[in-house]
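Engineer: Numbering (numbering that gives the first Met the number 0), first residue to last: 0 to 427.
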Amino acid sequence: MSKETGILGPADRPSLGRWIPLSFQHVFAMFGATVLVPLLTGLNPSVALFTAGTGTLLYILITGAKVPAFLGSSFAFIPALIGISGTYGMPAALGGAFCAGIFYALVAGIIRLVGTKWLDRALPPVVIGSVIIVIGLNLAPTAMKSSMYDGAGNYSLVYFSIAAFTLAVAIIATIFFKGFFNTISILTGLIGGYIFTLVMGMFFPAYKLIDFSIVSEAQWLGLPSFAIPEFHFVPIVTFIIVSLATICEHLGDTLVASRVVGKDFYKDPGLHRTLLGDGLATTWASLWGGPPNTTYGENIGVMAITKVYSVWVIGGAAVFAVILSFIQKFGAIIQTLPGPVMGGISMLLYGLIASSGLRTIVESGVDYKDKRNLTISSVILVIGIGGGMLQFHVGKNFTFSLSGVALATVVGIVLNLILPKSIDETKE
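1. Leaving out five residues before and five after P67 in sequence, what residues of the same chain have Cβ atoms less than 6 Å from its Cβ?
2. Considering only residues of the region 306 to 392, which uninterrupted alpha helix (DSSP H) runs meet the minimum length of 4 residues and lie entirely inside it, listed in chain order?
3. Ignore the nearest five residues each way along the sequence and tell me which others in V260's own chain have a CB closer than 6 Å to its CB.
4. Do A256 and T294 have their C-beta atoms within less than 9 Å of each other?
5. In angstroms with no decimal places, state the Cα-to-Cα distance between T287 and G200.
6. Three-state secondary structure (DSSP) at T293?
7. Assuming G342 contacts S129 (C-beta within less than 8 Å), just tell me the rounded distance between them.
8. Inspect the beta-carbon positions of A104 and P234 and report whether they are closer than 9 Å.
9. If you drop the 5 nearest sequence neighbours on each side, which residues of the same chain put their C-beta closer than 6 Å to that of Y367?
10. What's the call for A407, buried or exposed, on a 16-neighbour Cβ count within 10 Å?
11. How is S1 classed by DSSP in three states: helix, strand or coil?
12. In three-state terms, what does DSSP make of S155?
13. Using the Cα positions of Q24 and P419, report the straight-line distance between them to the nearest angstrom.
14. From the DSSP output, read off the bridge partner residues of S84.
15. Consider the C-beta atom of V130 and the heavy atoms of the ligand FAD; say whether any pair is separated by less than 8 Å.
16. Could you check the C-alpha separation between A439 and V236 for me, to the nearest Å?
17. Rounded to a whole number of angstroms, what is the C-alpha to C-alpha distance between G5 and R371?
18. Go to L436, then tell me how far its alpha helix (DSSP H) extends in each direction, as first and last residue.
19. Would you give the residue range spanned by the alpha helix (DSSP H) that S184 belongs to?
20. How about P291 and T245: do their beta carbons lie closer than 9 Å?
21. For the 8 Å Cβ check, are there 3 or more pairs between the region 371 to 390 and the region 205 to 224?
22. What is the rounded straight-line gap between the Cα of G411 and the Cα of L189?
23. Taking Cβ positions, are S100 and A284 nearer each other than 9 Å?
24. If G135 and G383 are in contact, beta carbons under 8 Å, what's the gap, nearest whole angstrom?
25. For L416, does the three-state DSSP call read helix, strand or coil?
26. Measuring only the C-alpha atoms, how far is L56 from I344?
27. On a CA-only basis, which of V157, A139, P140, R120 is nearest L243? Give me that one, please.
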């Protein structure tokens with residue numbers, strides 16, 4: 000710890016009196032997003048907390064306790080989780096996530112041997128930014144469906160009013176709240192929408208969407224509902240292709256963390272070790288039925304505000320997440336969150352994903368006067384958002400299918416590799 004500034008470095012351990020509240024602060028920062036992914040995809044929120052906590056501890060171990068990063072549920076894999084689970088079942092989606100984590104490890108090994116130039120060549124900002132936009136906009140119909148339609152598929156003004164109120168609270172918290180409360184704007188929106196629904200349900204029967212019977216029936220302590228992955232070819236290929244985008248997301252998060260902390264994590268412990276830790280945390284999560292993990296910008300934001308970069312604090316938050324996963328009544332309360340509350344939050348979150356893709360393109364200085372860049376982005380967006388699909392039979396009993404984000408990513412990579420670096424714009 001620096002006596003002059005009071006800053007806690009990655010290796011510094013705070014006193015117990017500071018340690019506990021500092022760690023809980025990180026739990027609040029990651030909580031909303033970490034439990035939101037399983038709620039949107041049909042996974043168990045308690046399992047997600049367990050795999051986020053244990054995955055973070057695994058990451059700390061692999062990186063030699065040098066990188067203060069919390070790993071939580073990844074939003075980038077939501078389309079793959081929803082699509083694959085709907086066609087092949089959730090165990091197959093978990094199997095795809097398992098192999099995506101192994102692919103991370105393979106890429107980490109290549110990076111250690113030859114560096115990152117090959118990755119920059121295959122996935123430049125014009126490709127990865129466009130793919131991230133597709134990931135966010137692909138989810139837009141899901142957000143609106145949850146916000147407007149009841150369980151019977153009928154339009155509901157009640158649902159829309161709940162979603163609108165939830166969205167308004169989240170926007171206000173994001174724009175106007177300062178400091179730590181700004182970092183938990185998503186959680187604030189969830190709580191605001193939940194309370195609104197609860198209060199309105201006391202006066203208007205149409206708003207009575209929260210049923211606490213599941214909470215009363217749940218035990219205080221118990222094991223989360225773990226699940227086991229299954230392995231099928233198409234889900235594996237799909238998740239590996241999507242992981243190309245999340246690997247680039249990891250590169251960006253690690254760079255941001257380096258700037259915040261003031262240490263070059265690309266060199267020490269090395270990008271290969273941070274990527275390996277991220278990938279194995281995802282593989283570990285899938286073994287228990289949790290969503291793929293990723294390093295969380297929310298927690299990087301907390302570190303930037305507090306100037307506390309201690310790995311001990313992050314580790315403490317991970318332990319608290321694991322403890323919460325075994326409190327079954329806590330998990331039951333999470334499951335009572337109404338659909339329109341989730342829909343209202345999703346309107347903001349999915350838009351933020353798409354906007355982060357725009358930010359990647361803008362900050363990297365992609366020139367759209369160049370027809371090459373314009374062509375690559377255009378094709379990725381139309382295939383990804385329009386539902387493009389490549390499908391053919393392999394033998395009598397197997398059909399290979401690649402669609403949505405995965406197909407858009409492959410096409411973007413291929414176009415980037417085969418199109419010439421400069422196009423003569425004077426030739427029409």
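Backbone N, C-alpha and C fix where the C-beta goes; we use that ideal spot for every residue, glycine too.
These numbers come from a predicted model, not from an experiment.
Structural biologist: In brief:
1. As a working note, residue 67 is residue 68 in the sequence shown. Same-chain partners within the cutoff: P9, Y308, V310, I313.
2. 310 to 324, 327 to 334, 338 to 362, 370 to 385
3. Indexing the sequence shown from 1 puts residue 260 at position 261. Around V260: Y308.
4. Counted from its first residue, the sequence shown places residue 256 at position 257. Counted from its first residue, the sequence shown places residue 294 at position 295. In contact: A256 and T294 (Cβ atoms closer than 9 Å).
5. What you label residue 287 is simply residue 288 of the sequence shown in a count that begins at 1. What you label residue 200 is simply residue 201 of the sequence shown in a count that begins at 1. In the sequence as presented, Thr is not what sits at residue 287; that position holds Trp. Those two C-alpha atoms are separated by around 36 Å.
6. Here residue 293 corresponds to residue number 294 of the sequence shown, with the count starting at 1. Here T293 sits in strand by DSSP.
7. In the sequence shown, residue 342 corresponds to position 343, counting from 1. In the sequence shown, residue 129 corresponds to position 130, counting from 1. In this structure G342 is not in contact with S129, their Cβ atoms being roughly 26 Å apart against a cut-off of 8 Å.
8. On the sequence shown, position 105 is the one that residue 104 refers to. On the sequence shown, position 235 is the one that residue 234 refers to. In this structure, P234 does not lie closer than 9 Å to A104 by Cβ.
9. Numbered from its first residue, the sequence shown carries residue 367 at position 368. So the list reads L373, once near-sequence residues are dropped.
10. To locate residue 407, count along the sequence shown from 1; it is residue 408. So A407 counts as buried.
11. Counted from its first residue, the sequence shown places residue 1 at position 2. Bear in mind that a pLDDT of 48 at S1, under 50, signals an unreliable position, so the number given afterwards is only what the model happens to contain. Collapsing the DSSP output to three states places S1 in coil.
12. Sequence index remark: in the sequence shown, residue 155 carries index 156 (1-based). In the structure shown, S155 sits in coil (DSSP, three-state: anything other than H, G, I, E or B).
13. Numbered from 1 along the sequence shown, position 25 holds the residue referred to as residue 24. Numbered from 1 along the sequence shown, position 420 holds the residue referred to as residue 419. Between Q24 and P419, the C-alpha separation is close to 49 Å.
14. By 1-based counting over the sequence shown, the position of residue 84 is 85. DSSP output for S84 lists no bridge partner at all.
15. Because no ligand of any kind appears in the structure shown, any question about the ligand FAD cannot be addressed here.
16. This structure leaves residue 439 out entirely; the chain is present only between 0 and 427.
17. If you number the sequence shown from 1, residue 5 lands on position 6. If you number the sequence shown from 1, residue 371 lands on position 372. Low confidence applies to G5: its pLDDT is 48, below 50, so where it sits in the model is not reliable, and the reading given next is rough at best. Whole-angstrom Cα-Cα distance: 50 Å.
18. There is simply no residue 436 to check, as the chain begins at 0 and stops at 427 in what is shown.
19. Position 185 of the sequence shown, counting from 1, holds the residue named residue 184. 184 to 202 is the span of the alpha helix (DSSP H), which, as asked, contains S184.
20. Locating residue 291 in the sequence shown gives position 292, where the first residue counts as 1. Locating residue 245 in the sequence shown gives position 246, where the first residue counts as 1. Yes, they are a contact pair.
21. No contact exists between the region 371 to 390 and the region 205 to 224.
22. In the sequence shown, counting from the first residue as 1, residue 411 sits at position 412. In the sequence shown, counting from the first residue as 1, residue 189 sits at position 190. Cα-Cα distance, rounded: 36 Å.
23. Along the sequence shown, one-based indexing puts residue 100 at 101. Along the sequence shown, one-based indexing puts residue 284 at 285. According to the sequence displayed, residue 100 carries Gly and not Ser. A contact, by the Cβ cut-off of 9 Å.
24. Stepping through the sequence shown from its first residue, residue 135 is reached at position 136. Stepping through the sequence shown from its first residue, residue 383 is reached at position 384. G135 to G383, Cβ: 10 Å. No contact.
25. As a position in the sequence shown, residue 416 is number 417, starting the count at 1. Looking at L416 - three-state DSSP - the assignment turns out to be helix.
26. Numbered from 1 along the sequence shown, position 57 holds the residue referred to as residue 56. Numbered from 1 along the sequence shown, position 345 holds the residue referred to as residue 344. One C-alpha to the other measures close to 29 Å.
27. The sequence position of residue 243 within the sequence shown is 244, counting from 1. It is R120.
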